[in-house]
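Right, one structure below, let's go through it.
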Amino acid sequence: MLANMAAIMEIKGEVVFKSIAFSRAGRIVKDLAIDVKAALDDGSLARTPGIGQHTLRVIDQYARTGRSADYDELAGSLPAGLLELLEIPGLGPKTISLFWKERNIAGMGDLIKALDSGYLDGLKGIGPKKLDGIRAGIAFRQRSAGRILIGEAQPIARSLVERLRRVAGVEEAQIAGSLRRCRETIGDVDLLCSASHLSDGPAVAAAFVKFPEVQRIQGQGQTKASILTTDDLQVDLRIVPADSFGAALLYFTGSKEHNVKLRGLASARHCTLNEWGLYKAAEYDALQKKAGEAPALRSVAGRSEAEVYAALGLDFIEPELREDRGEVEAAGRGELPRLVGRSDIRGDLHTHTIASDGVATIEEMARTAVAMGYEYLAITDHSKGQTLANGLNEERLLRHVKEIRQVGRRLSGIKLLAGCEVDILADGTLDFEDAILAELDMVIASPHAALKQDALKATDRLLRAIDNRYVNIIGHPTGRMINSREGLPLDMAKIFKLAAANGTALEINASYQRLDLNEISARAAVQAGVKLAVNTDSHSTGGLQGMEFGLGVARRGWVRPQNVINCMGIARLEEFIAAKRRL
DNA sequence: GCCGTTTTCGGCCCGACTGTTTTCAGTCG
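Have a look at this one:
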């Protein structure tokens, strides 16, 4: 609702800062780890920077009554159909407003008809190319579902970077943008490269737009180019000299909100920060600038990101934290967390084999884990309720356990844990009796079906599972699938409280379709004293490599190694499991 | 609309590219 209000203000041509303020308030509410009503009641929302008198009133009224008079009034002032027009790339608020006022365009249907009939021809400032651009934008919008999953974008981006590195004149090429920040979904791919000489820029841009995966060229200049790939992914490339690489990487990695905050800090230090570098404001303002050329001025910093942060009085901020969620302030105080990384991970605690729906054997999974440098690996095939996934019944499970232990004895260099991913049934009971679970080294309990329960039922269901002394990890707690299934509407505060109290870990499922818990819940869980487990849920040896996506979520959630049970050595992990059984 | 190491009023990040224009507005990141 707040984001809509911001959009409406944009189209109405209100002072842009008003729109920005509402948009920011919307983001703050969306990022809340606790319920909005709770944040209103305890006064924390009112104290949040960016929430002021007006936005607080709107949120408060909506939370109490389910309506907002301010929203209703604003929404009533223009046709609702105009808002979706903002989603068309190349079409912005000014043009939408023009179409509405001059040609009575009230929505997508009107716009398409008017484009077809020539009704928009002859408007001031609108020529044939602009109209073509809008047509292409609408077609793109209808073809593509919007943001794609990180695991889908990454291989495409990596192959483009490889190709870029081979282009003449390119020194260094790197992925930037939301992909570098490990967001769960990616709107477009941002790539950055440095050229040995900036004069090579146009040639690099020209080579880029001729890559075989290019479907359409959106733009091409001295220092940047933008293309649409054959699978409808937009890719933006920026080309800078090596001296500006750090500043440009910072700029192109974002987030936008993080950048805005850094530039504000630069201002306060009488400097100006842009993609070319950090400059003394007085010197920079006196300069004759030309688009597409590096400022003819020595920068204060710019070669590396670390240099720029240091010049602003900040510790280095990892890309995953750059969302303006308090990281800049923490960096200023020297209080950033040491984030969990790949080298902290000692094992994977959620994997499947051919015994249920995996494609690799116990031994194949184990050997891959050894090659990855893991100290332990848990084999956790499905329970009998997962009939489609060839779930194991009691008898098959016990045979499987025996086999896991046999393989474990035979292999050196890795400890195999005989486990199971047991279904949490709709009422919160588990798919196996305690007597069976007691035979296992470790238990994950996960919801797989009945994922449309209300908050009360769903929360009670998980609490029951957490309450079981044999359950060590709750797997993909909400059951969500990104872009396709909402998942259970859990009361996380209650879940965290019990999980922290009785030593049950919550999973960050690294499968890029799930990423469950998400980053917001992960951060709140850690604050509530809950232990996490970052697991791949892999069904093949290749799947074990997917750990990085789960780590991305954990890092975005400010998670430290000490918060993660699979960063423990085997002895401590076994004690973690044993402690709950003693309760 | 929000906010205070410049401020309770007056700012609020900054640059590249496109299209439609003869100097700039719009859009994007």
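In numbering that gives the first Met the number 0, the protein residues as written are 0 to 582.
From the three backbone atoms N, C-alpha and C, an ideal C-beta is built for every residue, glycine too.
Please read all numbers here as calculations on a predicted model, not as lab measurements.
Asked, Found
"Kindly provide the ranges of any alpha helix (DSSP H) runs that are 4 or more residues long and lie completely inside the segment 167 to 251, ordered along the chain.", "176 to 179, 200 to 207"
"What are the boundary residues of the beta strand (DSSP E) that TYR278 is part of?", "276 to 279"
"Whose C-beta lies closer than 7 angstroms to the C-beta of THR540 among residues of the same chain, with five residues either side of it excluded?", "ALA359, GLU363, MET364, THR367"
"Smallest Cα separation from ARG341: which of GLY568, MET546, LEU429, VAL259?", "MET546"
"So if DSSP puts VAL563 in a beta bridge, which residue, or which two residues, is it bridged to?", "LEU531"
"Name the DSSP beta bridge partners of GLY418, please?", "THR379, MET441"
"Between GLY276 and SER298, is the Cβ-Cβ spacing less than 8 angstroms?", "yes"
"Determine the contact status of PHE16 and LEU1, defining contact as a CB-CB distance below 8 angstroms.", "no"
"Within a Cβ cutoff of 6 angstroms, which residues of the same chain sit near GLY527, ignoring the five residues on either side of it in sequence?", "Residue identity check: residue 527 is Ala in the sequence provided, not Gly. Closer than 6 angstroms at the Cβ level, and outside the excluded window around ALA527, lie PHE495, ALA499."
"Please go through the same chain and pick out, in chain order, the residues whose beta-carbon is closer than 7 angstroms to the beta-carbon of GLU438, but skip the five residues on each side of it.", "LEU397, VAL400"
"Taking ALA509 as the reference, give the member of ASP433, PHE251, THR428, HIS349 with the closest Cα.", "HIS349"
"What does the alpha-carbon distance come out to for the pair GLU435 and GLY556?", "A small fix is needed here, since residue 435 is Ile in this sequence, not Glu. Using only the alpha carbons, I get a separation of about 35 angstroms."
"In whole angstroms, what separates the C-alpha of GLY609 from that of LEU119?", "Any property of residue 609 remains undetermined from this structure, which presents the chain solely from 0 to 582."
"Is GLN214 buried or exposed, if buried means 16 or more other CB atoms sit within 10 Å of its CB?", "exposed"
"With a Cβ-Cβ cutoff of 8 angstroms, do ASP422 and GLN385 count as a contact?", "yes"
"Using DSSP with H/G/I as helix, E/B as strand and the rest coil, what is ARG321?", "coil"
"Pairing CB atoms from the segment 254 to 268 with CB atoms from the segment 201 to 219, are three or more of them under 8 angstroms?", "no"
"Run the CB neighbour count on ASN565, radius 10 Å, all protein chains shown included, and call it buried at 16 or more, exposed below.", "buried"
"In whole angstroms, what separates the C-alpha of VAL234 from that of GLU306?", "27 angstroms"
"Buried or exposed: where does SER520 fall if 16 or more other Cβ atoms within 10 Å of its Cβ makes it buried?", "buried"
"Leaving out the 5 sequence neighbours to the left and right, which residues in its chain are closer than 6 angstroms to ARG554 when beta-carbon positions are compared?", "GLU319, LEU338"
"Are there 16 or more other CB atoms within 10 angstroms of the CB of LEU191, so buried, or fewer, so exposed?", "buried"
"Considering only C-alpha positions, which residue in the set GLU322, GLY291, ALA330, GLY106 is nearest to ALA590?", "In the structure displayed, the chain extends from 0 to 582; residue 590 sits before or after that span and is not available."
"Could you check which residue in ARG513, ARG140, GLY126, LEU122 has the C-alpha nearest to that of LEU84?", "ARG140"
"Taking only the alpha-carbon atoms, compute the straight-line gap between ILE174 and GLU161 and give it to the nearest angstrom.", "10 angstroms"
"Candidates ALA265, ILE353, ARG268, GLY245: which alpha carbon is nearest GLU304's?", "GLY245"
"Quick check on this structure: which residue in ALA293, ARG262, ASP189 has the alpha carbon closest to the alpha carbon of PHE251?", "ASP189"
"Does ASN3 come out as helix, strand or coil in the three-state DSSP assignment?", "helix"
"Assign ALA506 to one of three DSSP states: helix, strand, or coil.", "According to the sequence provided, residue 506 is Glu. The question's Ala does not apply to it. Three-state DSSP puts GLU506 in a strand."
"Check for me: the beta strand (DSSP E) holding ASN273 runs from which residue to which?", "270 to 273"
"LEU249: which of ILE316, PRO294, SER198, GLY89 sits nearest, CA to CA?", "ILE316"
"Label SER537 either buried or exposed according to how many other C-beta atoms from any shown protein chain fall within 10 Å of its C-beta, with 16 as the threshold for buried.", "buried"
"Which residues mark the beginning and the end of the alpha helix (DSSP H) in which MET546 is found?", "546 to 555"
"Rounded to a whole number of angstroms, what is the C-alpha to C-alpha distance between ARG404 and ARG559?", "32 angstroms"
"Check whether the Cβ atoms of ILE87 and ILE133 lie closer than 8 angstroms to each other.", "yes"
"Measuring CB to CB, does GLY75 end up less than 8 angstroms from ALA105?", "no"
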